[in-house]
Amino acid sequence: MKNFGYGFVLTFCFTVVAAAFLFSTAAQAADGKAKNVILMIGDGMGFNSDLAGTYYRYGEAKKKRCDSFPVYLGCTTFSRAKKDQPIPADCKGYDPDVFWASIANGNQGTEFTKTTDSAASSTAFNSGTKTLNGSIGVDADQKPVELFSEVAVKHGKKIGTVTTVPLSHATPAGFFAHCKSRSDMDEIFLQQTDANKGLTIVMGGGHPFYVGGNKIKVKENEKEKDTKKRFLAVGGEETWNKLQTGSYNGYTVITDEKQFADLAAGKGNIPDKVIGIGKDTADIPPKDGYLEDLPETETKLNASFKDRNWNELPTLAEMSLAAINVLTKNNDKGFVMLIEGGAIDHANHGQNAARSCFEHTGFTKAIDAVIDWIEKNSSWDETLVVITADHATGQIWGPDSFTDENENGVYDEGDGTSTFNPLKNNGRGKIPDVQYAGKGHSNALVPLWAKGPGSELFLKQIKGNDEKAAEFWNFSGDFVDNTDIAVVIKAALAP
Ligand SMILES: [Zn+2]
Numbered sequence: 411m412k413n414f415g416y417g418f419v420l421t422f423c424f425t426v427v428a429a430a431f432l433f434s435t436a437a438q439a440a441d442g443k444a445k446n447v448i449l450m451i452g453d454g455m456g457f458n459s460d461l462a463g464t465y466y467r468y469g470e471a472k473k474k475r476c477d478s479f480p481v482y483l484g485c486t487t488f489s490r491a492k493k494d495q496p497i498p499a500d501c502k503g504y505d506p507d508v509f510w511a512s513i514a515n516g517n518q519g520t521e522f523t524k525t526t527d528s529a530a531s532s533t534a535f536n537s538g539t540k541t542l543n544g545s546i547g548v549d550a551d552q553k554p555v556e557l558f559s560e561v562a563v564k565h566g567k568k569i570g571t572v573t574t575v576p577l578s579h580a581t582p583a584g585f586f587a588h589c590k591s592r593s594d595m596d597e598i599f600l601q602q603t604d605a606n607k608g609l610t611i612v613m614g615g616g617h618p619f620y621v622g623g624n625k626i627k628v629k630e631n632e633k634e635k636d637t638k639k640r641f642l643a644v645g646g647e648e649t650w651n652k653l654q655t656g657s658y659n660g661y662t663v664i665t666d667e668k669q670f671a672d673l674a675a676g677k678g679n680i681p682d683k684v685i686g687i688g689k690d691t692a693d694i695p696p697k698d699g700y701l702e703d704l705p706e707t708e709t710k711l712n713a714s715f716k717d718r719n720w721n722e723l724p725t726l727a728e729m730s731l732a733a734i735n736v737l738t739k740n741n742d743k744g745f746v747m748l749i750e751g752g753a754i755d756h757a758n759h760g761q762n763a764a765r766s767c768f769e770h771t772g773f774t775k776a777i778d779a780v781i782d783w784i785e786k787n788s789s790w791d792e793t794l795v796v797i798t799a800d801h802a803t804g805q806i807w808g809p810d811s812f813t814d815e816n817e818n819g820v821y822d823e824g825d826g827t828s829t830f831n832p833l834k835n836n837g838r839g840k841i842p843d844v845q846y847a848g849k850g851h852s853n854a855l856v857p858l859w860a861k862g863p864g865s866e867l868f869l870k871q872i873k874g875n876d877e878k879a880a881e882f883w884n885f886s887g888d889f890v891d892n893t894d895i896a897v898v899i900k901a902a903l904a905p
């Protein structure tokens with residue numbers, strides 16, 4: 411060493427450090443590690459539900475901003491059928507040959523799998539483990555499974571959920587909670603808002619005293635079980651009484667639309683943690699479900715949601731931005747969040763194509779808000795966005811796909827022969843012509859879009875190809891499974 415002067419040693423060290431630094435920067439980019447992850451779920455938004463909403467908002471297919479994302483695939487959603495029978499690796503929970511053989515097979519399961527509900531699907535895409543319907547963050551033996559939100563917390567990131575349905579509903583619940591039943595919403599809410607381990611953001615509907623932004627009159631002699639139900643989503647009556655003071659377990663509690671709007675605009679003090687409860691006992695209707703330049707669609711929207719007090723209701727886009735402003739406050743480690751357009755599912759259960767399109771528009775406006783935020787305040791090098799559905803609902807096809815002999819709105823025994831007709835596009839601002847062949851969930855593929863660091867990992871997870879789906883929805887036909895979402899996000903998360 412003495413033959414080389416200090417100058418050389420310093421230069422040598424500097425070169426090594428600089429090289430290591432350059433190498434690590436290059437390696438990080440090549441690894442595709444994500445600082446932030448935003449998972450967006452259209453509940454019950456199968457391919458045709460998405461297409462109907464896209465026709466309504468844009469007048470043609472593939473016009474949504476996520477339609478130009480580099481990853482656009484199908485995704486299977488089936489859940490585990492039985493506690494004592496794991497799904498074998500070679501079991502086809504979704505088989506294109508079976509699915510496309512008849513509309514009657516839309517919710518066909520196997521010996522080991524069945525059509526999922528939101529709880530099992532949310533557990534699958536948050537943890538990577540298939541479980542039984544109704545289960546939140548636990549496997550078929552009711553053991554807690556590791557969620558990607560928990561990996562994010564280990565990496566020092568902040569986490570949160572935003573939804574248009576009650577904030578402790580199955581899809582947001584599966585992002586964070588561990589609970590044997592989705593029905594235990596009070597328990598789920600208490601986990602979400604735990605003083606030490608809770609989420610940074612919990613937002614959604616579930617206000618005990620409002621419907622559609624209007625205060626409701628509670629019967630004086632309300633039955634005990636109805637009172638219990640009223641407070642279930644917000645942790646029970648006792649918890650609600652604490653929430654009403656405006657602060658709870660270190661959270662700031664907001665319920666007024668003005669508070670959501672100010673937070674979304676970054677006005678005033680940004681609190682450290684927020685519980686946001688929109689003014690509806692159930693779903694917050696989409697006041698932005700209309701098209702700005704076609705006022706008649708706003709009229710139609712208003713008619714379909716009679717007597718709503720829109721001034722008292724936040725939009726999903728607004729709640730999403732409000733959440734991001736809190737999650738990014740004094741935080742250089744990043745955040746991971748779930749945003750759910752939760753009521754597309756409810757519209758499709760009700761076979762209400764108009765409401766489904768309005769809900770879809772509210773959801774896609776939230777997608778726009780997220781993309782705008784990334785392009786203005788973050789970048790596609792550090793933020794991963796994954797957009798998909800937890801399952802399809804309502805078996806939506808084009809008109810005259812089957813003759814509904816018994817007029818029950820479901821393709822079943824006694825109905826005439828079936829064909830898979832495409833939706834009839836009626837142009838922008840018009841609801842496309844569709845025929846619903848079911849009222850429940852289906853086992854169909856759902857769409858999946860991804861962009862940002864780690865998104866390319868989905869292409870290594872392909873489980874199969876569906877030629878017919880490729881034709882119908884204009885993609886490669888390649889599909890992944892919903893458990894791959896957790897696999898990809900866990901791998902993509904930057905420490
Ligand atoms: Zn449903």
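Residue numbers (our numbering): 411 to 905.
Positions of the beta carbon are idealized from the N, C-alpha and C atoms, including for glycine.
No experiment lies behind these values; they were computed from the predicted model shown.
Any non-hydrogen atom of ligand 1 within 7 Å of Gly454 CB: Indexing the sequence shown from 1 puts residue 454 at position 44. Taking the Cβ of Gly454 as the reference point, at least one heavy atom of ligand 1 falls within a distance shorter than 7 Å.
Beta-carbon contacts of Val621 that lie in its chain and below 7 Å, excluding the five residues immediately before and after: Against the sequence shown, residue 621 aligns to sequence position 211. Here Val621 has Asp690, Thr691 as same chain residues with Cβ atoms under 7 Å from its own Cβ, once five neighbours each way along the sequence are excluded.
Residue interval of the beta strand (DSSP E) (run including Phe745): In the sequence shown, the residue the question calls residue 745 occupies position 335. Unbroken beta strand (DSSP E) run through Phe745: 745-751.
Under the three-state DSSP convention, the category Phe670 falls into: Residue numbering aside, residue 670 sits at position 260 when the sequence shown is read from its first letter. Helix.
Identified DSSP bridge partners for Lys834: Taking the sequence shown and counting its residues from 1, one reaches residue 834 at position 424. Asp843, per the DSSP bridge assignment.
According to DSSP, residues forming a beta bridge with Gln495: Here residue 495 refers to the residue found at position 85 when the sequence shown is read from its first residue. DSSP, once it has assigned bridges, lists Lys492 as partnering Gln495.
Any 3 or more C-beta pairs closer than 8 Å across the region 529-537 and the region 545-553: With a cut-off of 8 Å, the region 545-553 and the region 529-537 count as touching, because enough Cβ pairs lie within range.
Beta-bridge pairing of Trp807 - partner residues as DSSP gives them: As a position in the sequence shown, residue 807 is number 397, starting the count at 1. Gln845.
Close-in-space but distant-in-sequence residues of the same chain around Lys473 (CB under 8 Å, 5 per side omitted): Taking the first residue of the sequence shown as position 1, residue 473 is located at position 63. Within the same chain, Lys473 has close Cβ partners Thr464, Arg467.
Any non-hydrogen atom of ligand 3 within 7 Å of His565 CB: This structure does not include ligand 3; its bound ligands are ligand 1.
Which of helix, strand or coil DSSP assigns to Met455: Looking up residue 455 in the sequence shown gives position 45. Coil at Met455, not helix or strand.
Proximal residues to Phe509 (C-beta, below 6 Å), its chain only, five neighbours per side dropped: Numbered from 1 along the sequence shown, position 99 holds the residue referred to as residue 509. Cβ contact annotation for Phe509 (same chain, cutoff 6 Å, sequence separation greater than five): Asn515, in chain order.
For Asp682 and Gly645, believed in contact at Cβ under 8 Å, the rounded distance: Position 235 of the sequence shown holds residue 645. Position 272 of the sequence shown holds residue 682. Contact between Gly645 and Asp682 fails: their C-beta atoms lie close to 20 Å from each other, not under 8 Å.
Contact check, Leu577 vs Ile749, beta carbons under 8 Å: Counted from its first residue, the sequence shown places residue 577 at position 167. Counted from its first residue, the sequence shown places residue 749 at position 339. In this structure, Leu577 lies away from Ile749, with their beta-carbon atoms at least 8 Å apart.
Assigned secondary structure, Lys633 (DSSP; H/G/I helix, E/B strand, else coil): As a first step, residue 633 must be located in the sequence shown, where it is residue number 223. If DSSP states are grouped into helix, strand and coil, Lys633 belongs with coil.
Near ligand 1: His851 beta-carbon under 7 Å from a heavy atom: Along the sequence shown, read from residue 1 onward, the residue named residue 851 stands at position 441. Residue side-chain check: His851 places its Cβ nearer than 7 Å to a non-hydrogen atom of ligand 1.
Asn651 versus Asp636 - alpha carbon distance: Residue mapping note: residue 651 aligns to position 241 of the sequence shown, counting from 1. Residue mapping note: residue 636 aligns to position 226 of the sequence shown, counting from 1. Going by the C-alpha atoms only, they are around 17 Å apart.
Where Ile872 sits in the DSSP three-state scheme: As a working note, residue 872 is residue 462 in the sequence shown. In this structure, Ile872 counts as coil in the three-state DSSP scheme.
Top-ranked residue by Cα proximity to Gly837, from Glu769, Leu461, Lys445: For the purposes of this step, residue 837 is identified with residue 427 of the sequence shown, where counting begins at 1. The residue with the shortest Cα to Cα distance from Gly837 is Leu461.
Neighbourhood of Gln601 by C-beta distance below 6 Å, restricted to the same chain and skipping five residues each side: Indexing the sequence shown from 1 puts residue 601 at position 191. So the list reads Ala587, once near-sequence residues are dropped.
Distance between beta carbons of Lys775 and Thr725, contact taken as under 8 Å: By one-based count along the sequence shown, residue 725 stands at place 315. By one-based count along the sequence shown, residue 775 stands at place 365. That pair is a contact at about 7 Å.
Range of the contiguous beta strand (DSSP E) that encloses Pro582: Stepping through the sequence shown from its first residue, residue 582 is reached at position 172. Premise fails: Pro582 lies in the alpha helix (DSSP H), 580-586, not in any beta strand (DSSP E).
C-alpha distance - Phe431 paired with Gly456, whole-angstrom precision: In the sequence shown, the residue the question calls residue 431 occupies position 21. In the sequence shown, the residue the question calls residue 456 occupies position 46. With a pLDDT of 42 at Phe431, under the threshold of 50, the predicted position of this residue should be treated as unreliable, though the coordinate-derived value follows. Straight-line Cα distance between these residues: approximately 45 Å.
Residue from Lys540, Pro554, Thr610, Phe558 with nearest C-alpha to Lys900: In the sequence shown, the residue the question calls residue 900 occupies position 490. Among Lys540, Pro554, Thr610, Phe558, the Cα nearest to that of Lys900 is on Phe558.
Alpha-carbon spacing of Phe585 relative to Leu673, whole angstroms: The residue labelled residue 585 in the question sits at position 175 within the sequence shown. The residue labelled residue 673 in the question sits at position 263 within the sequence shown. Taking the straight line joining both Cα atoms gives about 23 Å.
Secondary structure of Trp859, DSSP reduced to three states: Taking the sequence shown and counting its residues from 1, one reaches residue 859 at position 449. Looking at Trp859 - three-state DSSP - the assignment turns out to be strand.
Cα-Cα separation between Leu869 and Thr581, rounded to whole angstroms: Along the sequence shown, read from residue 1 onward, the residue named residue 869 stands at position 459. Along the sequence shown, read from residue 1 onward, the residue named residue 581 stands at position 171. If I take the Cα positions, the gap works out to 25 Å.
Selected residue, minimal CA-CA separation from Asn740, among Lys502, Glu866, Gly566: The residue given as residue 740 occupies position 330 in the sequence shown. Per the C-alpha coordinates, the member of Lys502, Glu866, Gly566 positioned closest to Asn740 is Gly566.
Segment contact flag, the region 888-899 with the region 485-492, C-beta cutoff 8 Å, min 3 pairs: A contact between stretches requires three or more CB pairs, one per stretch, nearer than 8 Å, and the region 888-899 meets this requirement with the region 485-492.
Residues of its chain near Ala605, where Cβ-Cβ distance is below 8 Å and the 5 sequence neighbours each way are ignored: Here residue 605 corresponds to residue number 195 of the sequence shown, with the count starting at 1. Asn659, Gly660, listed in sequence order.
Cβ-Cβ separation, Pro809 to Lys834 (assumed contact under 8 Å), whole Å: Counting from 1 along the sequence shown, the entry for residue 834 is found at position 424. Counting from 1 along the sequence shown, the entry for residue 809 is found at position 399. Pro809 and Lys834 do touch by the CB rule: their CB atoms are close to 6 Å apart, below 8 Å.
Host alpha helix (DSSP H) of Thr709 (start-end): As a first step, residue 709 must be located in the sequence shown, where it is residue number 299. That run of the alpha helix (DSSP H) goes 705-714.
Proximity winner among Trp790, Ile611, Asp500, His851, relative to Glu866 (alpha-carbon distances): Walking along the sequence shown from the start, residue 866 turns up at place 456. The residue with the shortest Cα to Cα distance from Glu866 is Trp790.
DSSP state of Pro554 mapped onto helix, strand, coil: As a position in the sequence shown, residue 554 is number 144, starting the count at 1. DSSP, read as helix, strand or coil, puts Pro554 in strand.
The beta strand (DSSP E) enclosing Pro576, as first and last residue numbers: Taking the sequence shown and counting its residues from 1, one reaches residue 576 at position 166. 568-576 is the span of the beta strand (DSSP E), which, as asked, contains Pro576.
Asp693 and Gly615 closer than 8 Å at C-beta: Position 283 of the sequence shown holds residue 693. Position 205 of the sequence shown holds residue 615. Judged by beta-carbon spacing, Gly615 lies within the 8 Å limit of Asp693, meaning their Cβ atoms are closer than that value.
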